[in-house]
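Under my numbering, the first residue of the sequence shown carries the number 1, and numbering increases by one thereafter.
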Amino acid sequence: MSHGPATPLTATASGPLTGEAHVPGDKSISHRSLILGAMAVGETRVTGLLEGQDVLDTGRAMQAFGARVTKDGDTWVVNGVGVGGLMEPDDVIDCGNSGTGVRLLMGAAATHGFSVTYTGDASLRKRPMARVTDPLALFGAVAHGRSGGRLPMTVVGAPEPVPVRYATPVASAQVKSAVLLAGLNAPGETVVVEREATRDHSERMLRGFGAQIETRETREGREITLVGRPELRPQTIVVPRDPSSAAFPVCAALIVPGSDVLVPNIGLNPTRAGLFETLRDMGADLTYENPRQEGGEPVADLRARFSPDMKGIEVPPDRAASMIDEYPVLSVVAANAEGTTVMRGVAELRVKECDRIDAMATGLRACGVTVRDGADWWEVDGRGPGGVTGGATVAVHLDHRIAMSFLCAGMAAQVGITVDDAGPILTSFPIFRSLMEELGADFTS
């Protein structure tokens, strides 16, 4: 779906950013809450759900599959149909801009004996789906899409699915989760092996819903075994606040002089906290306050203060899976640190909502920053605080994270930075502008 005409937005330097930033609920957990709630028997209640377009599209999709999804005050209520109970939709499933949504939905429906056609916006229709449809074919599903395995795509579900053992060729929580969701309605044990650990929200939530799932370390890597055809129990879920959304007020506070921002209740699952570790390695004044557990997930309040002495580092490549969505805004921080920041093992960024390495490199160069890049790496030369000249209008290519990253850059640049379209931000962080303005950011439409 389209978000409508382009809406340019300019960020310029202002005074310090101060106060509390209450960011939305975690997007990954929000998607999975709706999908697993729909596959449970009974009523699942979810508070703190991210009400961005991506998640709302997933909620509509689960309704199309036969579940009942309603809102009761601040709580979302999902009346599920049980494992194996999904129904054939009457219409095409439009996933908008959400790669997570479409790939998880493909997995959930792939072991049901009916056909589903999926589509999305212009950005999503460019993204590769074979990484998901290839393993789903092992269950017996058949995909028919555009050349290169792209949307629109019809997936014919397996009428008699078989369990599979699948080693993921790339580190991708989306691929792993799609296979596990497909395995729910296959008999026997479905096994996923990943060489590099990715975010484990699916495993945690499946266990919470009553699935029999085991994770162990082997010589091949991390092996996840799921016993198919369980009866999932409905849950009461409190969604932690999204670390990927928290990245933006945190990073902006680190580079805007005089800033002191508290970001409460942030999920710090170790498979998601790579950015914060990296920022602290760079010398950021970033602290975890009130650490605790909520719903089986580690949570803390993050306090970020202006950090004029940050240094460029080489980010450990094995950290990439835990922060893949945060590299764009990290590159903005790197431009305001001293020295070179090197990011390797990040080829996955080339096939996100857009080619994020190219989009960030092109935009940063237009703003006076030296950037070098290759197929799976890039380097940013920082010149310390105020190291971004700015003054450019940058293309975001329908990518919400590119848009927010450059708006954060504009808050600390010598001259304001304009993004050509702020509309995509609504897909993941609908309150981004109002939240940042309450902290002291200066935006102009």
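Glycine residues also receive a C-beta, built at the ideal position from the N, C-alpha and C atoms. It should be emphasised that the depicted structure is a prediction, and the values quoted were computed from it without experimental measurement.
Going straight from the alpha carbon of residue i to that of residue j, what length do you get?
i: methionine 1; j: threonine 218; result: Reliability fails at methionine 1, whose pLDDT of 43 lies under 50, so the model's placement of it is uncertain and the value that follows must be treated cautiously. Using only the alpha carbons, I get a separation of about 42 angstroms.
i: arginine 344; j: isoleucine 402; result: 19 angstroms
i: histidine 201; j: serine 28; result: 7 angstroms
i: isoleucine 324; j: leucine 349; result: 7 angstroms
i: proline 317; j: valine 346; result: 8 angstroms
i: histidine 144; j: valine 92; result: 14 angstroms
i: histidine 22; j: proline 240; result: 11 angstroms
i: leucine 226; j: leucine 180; result: 7 angstroms
i: proline 234; j: phenylalanine 209; result: 6 angstroms
i: aspartate 285; j: methionine 153; result: 46 angstroms
i: glycine 4; j: glycine 363; result: 23 angstroms
i: alanine 302; j: threonine 393; result: Strictly speaking, residue 302 in this sequence is leucine, with alanine absent from that position. If I take the Cα positions, the gap works out to 31 angstroms.
i: proline 385; j: glutamate 277; result: 20 angstroms
i: glutamate 160; j: threonine 133; result: 17 angstroms
i: leucine 232; j: serine 98; result: 25 angstroms
i: valine 116; j: leucine 124; result: 17 angstroms
i: valine 315; j: valine 155; result: 38 angstroms
i: serine 147; j: lysine 126; result: 10 angstroms
i: arginine 272; j: serine 322; result: 5 angstroms
i: methionine 39; j: aspartate 72; result: 20 angstroms
i: valine 191; j: proline 135; result: 11 angstroms
i: aspartate 94; j: threonine 119; result: 5 angstroms
i: glycine 479; j: leucine 254; result: Because the chain in this structure spans residues 1 to 445, residue 479 falls outside the shown range and cannot be described.
i: arginine 165; j: arginine 216; result: 15 angstroms
i: valine 380; j: cysteine 251; result: 16 angstroms
i: arginine 199; j: alanine 173; result: 6 angstroms
i: alanine 109; j: threonine 70; result: 21 angstroms
i: proline 89; j: serine 177; result: 22 angstroms
In the DSSP assignment, what residue or residues form a beta bridge with residue i?
i: asparagine 79; result: Glu43 and Arg68
i: threonine 18; result: Asp260
i: isoleucine 237; result: Val46
i: proline 298; result: Gln293
i: valine 155; result: Val116 and Ala143
i: aspartate 442; result: Thr12
i: leucine 56; result: Bridge partners of leucine 56: none, in fact.
i: lysine 311; result: Glu338
Taking buried to mean at least 16 other C-beta atoms within 10 Å of its own C-beta, is residue i buried or exposed?
i: arginine 222; result: buried
i: serine 428; result: buried
i: proline 169; result: exposed
i: methionine 436; result: buried
i: glutamine 212; result: exposed
i: alanine 246; result: buried
i: glutamine 293; result: exposed
i: serine 259; result: buried
i: alanine 375; result: exposed
Which residues mark the beginning and the end of the beta strand (DSSP E) in which residue i is found?
i: glutamine 293; result: 285–294
i: glutamate 214; result: 213–217
i: tyrosine 115; result: Per the sequence shown, residue 115 should be read as serine rather than tyrosine. Counting along the chain, the beta strand (DSSP E) containing serine 115 begins and ends at 115–119.
i: glutamate 220; result: It is not in any beta strand (DSSP E) - glutamate 220 carries neither H nor E in the DSSP assignment.
i: valine 191; result: 189–194
i: leucine 426; result: Careful: leucine 426 lies outside any beta strand (DSSP E) and carries neither H nor E.
i: threonine 168; result: 165–168
i: alanine 109; result: Counting along the chain, alanine 109 falls outside any beta strand (DSSP E), though it belongs to the alpha helix (DSSP H) covering 99–109.
i: valine 419; result: 417–419
i: valine 515; result: Because the chain here runs from 1 to 445, residue 515 falls outside it and cannot be looked at.
i: valine 371; result: 370–373
The alpha helix (DSSP H) spanning residue i covers which residue range?
i: aspartate 358; result: 356–366
i: arginine 127; result: Per DSSP, arginine 127 belongs to no alpha helix (DSSP H) and is neither H nor E.
i: lysine 343; result: A small correction: the amino acid at residue 343 is methionine; lysine does not occupy that position in the sequence shown. Per DSSP, methionine 343 belongs to no alpha helix (DSSP H); it is in the beta strand (DSSP E), 338–344.
i: valine 175; result: 173–183
i: aspartate 281; result: 274–281
i: arginine 207; result: 201–208
i: methionine 404; result: 400–412
**Report entry** the region 74–84 / the region 46–53 touching (three or more Cβ pairs under 8 angstroms)
**Finding:** yes
Query raised in the report: Would the region 201–210 and the region 33–43 be scored as touching if the rule is three or more Cβ pairs under 8 angstroms?
Result: yes
Requested in this report: Mind the definition here: the region 305–313 touches the region 352–362 only if three or more C-beta pairs lie below 8 angstroms; say whether that holds.
Outcome: no
Query - Cβ contact check for the region 50–58 and the region 263–272: 3 or more pairs under 8 angstroms - result: no
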